[in-house]
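Right, one structure below, let's go through it.
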Amino acid sequence: MNYYLITNAAISLFALVGFIYGVVTSIKKKQPLYYIMIVASVGTTAFSRLLEVVYMWTTEEYFDGFHIGILGTIATFLFIFTANFGTMDTIGDDHSKRLMKYRIIALVAPVVVASFFVPIALSKANLSTKISFGAIYIVMMASTYFNLKHLILPDVDYGIIKCIRGYNALMLCYSVLFALERIALVYNQDIMLYVVTSLIAVDSLLIVPVLRKGASKWTI
Amino acid sequence: MDNLTYVLFICMAVPIGLSLFLLEGKVRQTMVFVFIGICCCLFISEINGVILNHFDNNVFYVTTIFTPITEEIIKAIPVLFYAYAISSKRRRLLTISLATGLGFALLENLIILVGDIDSVTIWWALGRGFASSLMHGLCTAAVGFGLSLITQRKKLFISGTFSLLLLAMTVHAIFNCLVQSEYPFLGLLLPVLSYIPIIVIQYRNRKKEKLSQASKTAEKEA
Numbered sequence: 001m002n003y004y005l006i007t008n009a010a011i012s013l014f015a016l017v018g019f020i021y022g023v024v025t026s027i028k029k030k031q032p033l034y035y036i037m038i039v040a041s042v043g044t045t046a047f048s049r050l051l052e053v054v055y056m057w058t059t060e061e062y063f064d065g066f067h068i069g070i071l072g073t074i075a076t077f078l079f080i081f082t083a084n085f086g087t088m089d090t091i092g093d094d095h096s097k098r099l100m101k102y103r104i105i106a107l108v109a110p111v112v113v114a115s116f117f118v119p120i121a122l123s124k125a126n127l128s129t130k131i132s133f134g135a136i137y138i139v140m141m142a143s144t145y146f147n148l149k150h151l152i153l154p155d156v157d158y159g160i161i162k163c164i165r166g167y168n169a170l171m172l173c174y175s176v177l178f179a180l181e182r183i184a185l186v187y188n189q190d191i192m193l194y195v196v197t198s199l200i201a202v203d204s205l206l207i208v209p210v211l212r213k214g215a216s217k218w219t220i
Numbered sequence: 221m222d223n224l225t226y227v228l229f230i231c232m233a234v235p236i237g238l239s240l241f242l243l244e245g246k247v248r249q250t251m252v253f254v255f256i257g258i259c260c261c262l263f264i265s266e267i268n269g270v271i272l273n274h275f276d277n278n279v280f281y282v283t284t285i286f287t288p289i290t291e292e293i294i295k296a297i298p299v300l301f302y303a304y305a306i307s308s309k310r311r312r313l314l315t316i317s318l319a320t321g322l323g324f325a326l327l328e329n330l331i332i333l334v335g336d337i338d339s340v341t342i343w344w345a346l347g348r349g350f351a352s353s354l355m356h357g358l359c360t361a362a363v364g365f366g367l368s369l370i371t372q373r374k375k376l377f378i379s380g381t382f383s384l385l386l387l388a389m390t391v392h393a394i395f396n397c398l399v400q401s402e403y404p405f406l407g408l409l410l411p412v413l414s415y416i417p418i419i420v421i422q423y424r425n426r427k428k429e430k431l432s433q434a435s436k437t438a439e440k441e442a
C-alpha cells in the first residue's frame, strides 16, 4: 500500500495546488458562484485524500469499509452536482423539447458509472465497503449526467456552456478514473491502481485552471 | 462528586448567560452564539460518550469516524437556522459561525482537561488553545461562509448544505487523526496554517473598505 499512499499524497498535493490557485483567483477578481463551487470541490478532494494519507501513515493500514474520506469524496461530487444543477443547468437548458435528445443522450453517463459498480457489487469486499462505494457512485451518477449534458448541449445563450466544455470533459475523465480506482482497490490490482491514481492526480491539478480559462470568457 | 462536565458547563454558561442582559446589538448576538456553542458541546459530549461506550472505548476509532460527524452536525444546526431564518449576510454568518465553533471548543477543552488532568502541561494548553479552538471555529466558519453563498438560490439548498457539512467533517477528521499520531504538532499546524491566509484576506478587505469609505466621505465633503 506504500505506492498507493504516495499516489494518494500526490492527488492531495495536486488538488491542493489547484484549490489554492482557485482561491487566489477568486480573491483577486470576483468569480461566479459556479467557479467557487468547483474550487470547493477540488479543495474537498485534497482534504479527503489527505485524510486517507494521514490514516494510512499513522495506522500503517488501509481504511476498510466506511470512513470519513468516503464522505469527503461524496462531497466532491456533490459540490459538482450542486454547481451544475443549481447554477449552470438553469442557464444552459431552457427545458424546451428541442433539447430533449441531449437530455436523453446524457443519461449514458450515469448508466456507464452504474455499470462500473457491477464488479464491485459482485466482488468479495465487505458489505460496508460496497455500501460506501455505492453511495459515492450514486452521487457520481448525478454529477456525470450534468457533465456529459453540458459537454454535448448546443449553446443557448452567450456561449456560456461552450466555454467550459474542456472542464466538463476533464470532469468526466476524473469520474471514470475514480470509478476504475475503486474497482482496482476492491480487486487488489496494484498496477492499475497506481496508473489510475497518477492520472487522477494530473486531472485534479488541471480542473481549476481549465475551468478558469473557460470562465474568463464569460465576462467578454 | 457530581458530573464534572455539568459543573464546567454551569461555570461557563452562567456568566455568559448573565452578560446577555447587559450587552446590546451585534455583540449580544455574538455572545448568544458562543453560549449556543457551549450548549452544543454539552449535548454532544453525552452522545459521544454513548458512542465511545458502544465501541469499547476505542478513542482513535471513534474520534476519526464518528465525532467529526456528530460534532459538525450539531455545530451547524444553529448556523443553518440563522442563515435561513434570520440573515444570510456573509459577515454576520461568519461571525456567528465562528462564535459557535469557539464556544464549542471552550467547553471541549475544559472537558478534556478535567478528564486527563495528570498529564496536562503548559504545552498541552497552548496546543489545544491554538489548534482545537481554531479548528472548531474554522470548520463552522467554513459552513457559515458557504451558506452565505448557497442561500442565494433555492436549488442549491439541500445538496449545497450537505456538501459543506461533509467538507467540515473531513477537515475535522484529519485534525483528529493527526493529533493522535506520533507527530501531533502536525495536527496543530493544520488549523494555524489555514487561519493565517484568512487573517490576511480579512485585513486586506478591511483596508479596502476603509479606503472606499474615506474616498466617499472626501467626495461628499467636496
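Protein chains in written order, with the working numbering: chain V, 1 to 220; chain L, 221 to 442.
Idealized CB from N, CA, C, for every residue including glycine.
- Under the three-state reduction of DSSP, V/Ala121 is assigned to helix.
- Runs of the alpha helix (DSSP H) lying entirely within the segment 228 to 287 of chain L, each at least 4 residues long, are 245 to 274, 279 to 285 in chain order.
- The C-beta distance from V/Ala106 to V/Ile152 rounds to 7 angstroms, short enough to fall under 8 angstroms.
- Ranked by how close their Cα comes to the Cα of V/Ile104, the residues V/Met192, V/Ser143, V/Leu148 have V/Leu148 in first place.
- The C-beta of V/Asp203 has 16 or more other C-beta atoms within 10 Å across all chains shown, which makes the residue buried.
- Its chain contains Ile316 as the residues whose beta carbon lies nearer than 6 angstroms to that of L/Tyr302, once the 5 sequence neighbours on both sides are disregarded; these appear in chain order.
- Interface flag for L/Ser383 against chain V is set, since a Cβ pair is found closer than 8 angstroms.
- Our two residues, L/Asn223 and L/Ser339, have alpha carbons roughly 20 angstroms apart in a direct line.
- Nearest CB-CB separation between L/Lys295 and chain V: not below the 8 angstroms threshold.
- Cβ proximity to chain V below 7 angstroms picks out nothing from the segment 424 to 440 of chain L.
- A direct Cα-Cα distance of roughly 32 angstroms separates V/Asp64 from L/Phe377.
- Burial of V/Ser175 is indicated by the presence of at least 16 other C-beta atoms within 10 angstroms of its C-beta.
- The C-beta of L/Leu318 has 16 or more other C-beta atoms within 10 Å across all chains shown, which makes the residue buried.
- Cβ-Cβ distances below 6 angstroms link V/Lys217 to Cys163 in the same chain, with the five nearest sequence neighbours on each side left out; the list follows chain order.
- In this structure the segment 282 to 300 of chain L touches the segment 380 to 400 of chain L; the number of beta carbon pairs closer than 8 angstroms is three or more.
- By the CB criterion at 8 angstroms, V/Thr44 and V/Gly18 fall outside the cutoff.
- The Cβ atoms of L/Ile258 and L/Ala296 do not sit closer than 8 angstroms to each other.
- Apart from sequence neighbours up to five positions away, the residues of its chain that approach V/Phe14 with a beta-carbon distance below 6 angstroms are Ala201, Ser204, Leu205, ordered along the chain.
- Shown here, L/Phe377 sits in a helix according to DSSP, grouped into three states.
- At a C-beta separation below 9 angstroms, L/Thr360 has no neighbours in chain V, since its nearest C-beta there lies roughly 16 angstroms away.
- By the neighbour-count definition (other C-beta atoms within 10 Å, threshold 16), L/Asn268 is a buried residue.
- Taking all protein chains in view, the Cβ of L/Leu238 is surrounded by fewer than 16 other Cβ atoms within 10 Å, so the residue is classified as exposed.
- Any Cβ of chain L closer than 8 angstroms to the Cβ of V/Phe79 would place that residue at the interface, and such an atom is present.
- Look at V/Leu170 here: in three-state DSSP terms it is helix.
- For V/His67, there is no enclosing alpha helix (DSSP H), as DSSP gives it neither H nor E.
- Burial is judged here by how many other beta carbons sit within 10 angstroms of a residue's own beta carbon; L/Cys260 has at least 16 and is buried.
- Going by beta carbons, V/Ala184 and V/Met192 fall inside the 8 angstroms limit.
- Note on L/Leu242: under 16 other CB atoms within 10 angstroms of its CB, so exposed under the neighbour-count rule.
- For L/Thr341, the secondary structure class from DSSP, reduced to helix, strand or coil, is coil.
- In this structure, DSSP gives L/Gln372 a state outside helix and strand, which the three-state scheme calls coil.
- In the three-state scheme derived from DSSP, where H, G and I count as helix and E and B as strand, L/Tyr403 is classed as coil.
- Interface annotation for the segment 48 to 60 of chain V against chain L: Ser48, Leu50, Leu51, Val54, Tyr55, Thr58, criterion Cβ-Cβ distance under 7 angstroms.
- Per the coordinates, the alpha-carbon of L/Asn277 lies some 30 angstroms from the alpha-carbon of V/Lys124.
- For the 8 angstroms CB-CB criterion, L/Ala325 and L/Cys359 do not form a contact.
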